[in-house]
Amino acid sequence: EDEEVIEREAPDLHIAQRLELQQRAARPLAALPPEERARYLATVELKPVTRRTITDPKVLGHELERIAAQGYAWVDGELDPGICGMAVPVRDQAGRVVAAISINTITGTLDEAGAKDRFLTALKRAAHDIRSQTSASGHA
Numbered sequence: 594e595d596e597e598v599i600e601r602e603a604p605d606l607h608i609a610q611r612l613e614l615q616q617r618a619a620r621p622l623a624a625l626p627p628e629e630r631a632r633y634l635a636t637v638e639l640k641p642v643t644r645r646t647i648t649d650p651k652v653l654g655h656e657l658e659r660i661a662a663q664g665y666a667w668v669d670g671e672l673d674p675g676i677c678g679m680a681v682p683v684r685d686q687a688g689r690v691v692a693a694i695s696i697n698t699i700t701g702t703l704d705e706a707g708a709k710d711r712f713l714t715a716l717k718r719a720a721h722d723i724r725s726q727t728s729a730s731g732h733a
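Counting along the sequence shown from 1, when you hit position 90 you're at 683 in my numbering, and nothing is skipped either side.
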């Protein structure tokens with residue numbers, strides 16, 4: 594079964610959830626070549642997690658194309674109704690996406706434009722620094 598446990602902690606609360614590949618990896622799918630993305634979307638059953646989760650493969654396909662073109666992903670309430678966030682890819686020296694770096698906050702504190710203004714440059718710089726450090730140490 595393709596799932597992993599994600600733990601969230603709050604001062605007086607501890608929650609663990611099982612997340613399917615769709616829920617934890619939808620945005621990294623944007624890094625796949627278009628034909629691989631299309632194959633995945635043609636076979637996957639997209640299940641709602643919140644009322645904002647994208648469950649239509651065609652809509653998700655368009656969203657993934659947009660993410661790939663703009664170089665970052667923005668989510669707001671799709672996995673957790675109270676969380677929004679922005680992520681950028683971390684690439685190896687060959688240009689393949691090997692990880693992502695993100696920042697998350699409480700829904701309603703920032704919209705996509707505000708997060709872009711506030712965090713996108715720093716996220717891209719961090720991703721670049723990770724790429725540079727891993728290639729300098731021979732790990733990429």
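Using N, Cα and C, we set each Cβ at its ideal position, and we do this for glycine too.
When DSSP labels each residue in this structure, what does alanine 687 get in the three-state scheme?
Indexing the sequence shown from 1 puts residue 687 at position 94. Here alanine 687 sits in coil by DSSP.
Alpha carbon to alpha carbon, how far is glycine 664 from threonine 727?
By 1-based counting over the sequence shown, the position of residue 664 is 71. By 1-based counting over the sequence shown, the position of residue 727 is 134. CA-CA distance, glycine 664 to threonine 727, rounds to 21 Å.
Could you have a look at valine 642 and say whether DSSP puts it in helix, strand or coil?
As a working mapping, residue 642 is identified with position 49 in the sequence shown. If DSSP states are grouped into helix, strand and coil, valine 642 belongs with coil.
Restricting to Cα atoms, I'd like to know which of Asp673, Ala666, Pro650 is closest to arginine 644.
Position 51 of the sequence shown, counted from the start, is the residue given in the question as residue 644. Out of Asp673, Ala666, Pro650, Asp673 has the C-alpha closest to the C-alpha of arginine 644.
Do you know offhand how far tryptophan 667's Cα is from glutamate 656's?
Residue 667 sits at position 74 when you count from the first residue of the sequence shown. Residue 656 sits at position 63 when you count from the first residue of the sequence shown. Straight-line measurement puts the Cα of glutamate 656 at about 10 Å from the Cα of tryptophan 667.
With distances taken between CB atoms, is the gap from glycine 654 to alanine 631 smaller than 9 Å?
The residue labelled residue 654 in the question sits at position 61 within the sequence shown. The residue labelled residue 631 in the question sits at position 38 within the sequence shown. Taking 9 Å as the cut-off, the Cβ atoms of glycine 654 and alanine 631 count as close.
Simplified DSSP state of proline 682, which is helix, strand or coil:
Along the sequence shown, one-based indexing puts residue 682 at 89. Looking at proline 682 - three-state DSSP - the assignment turns out to be strand.
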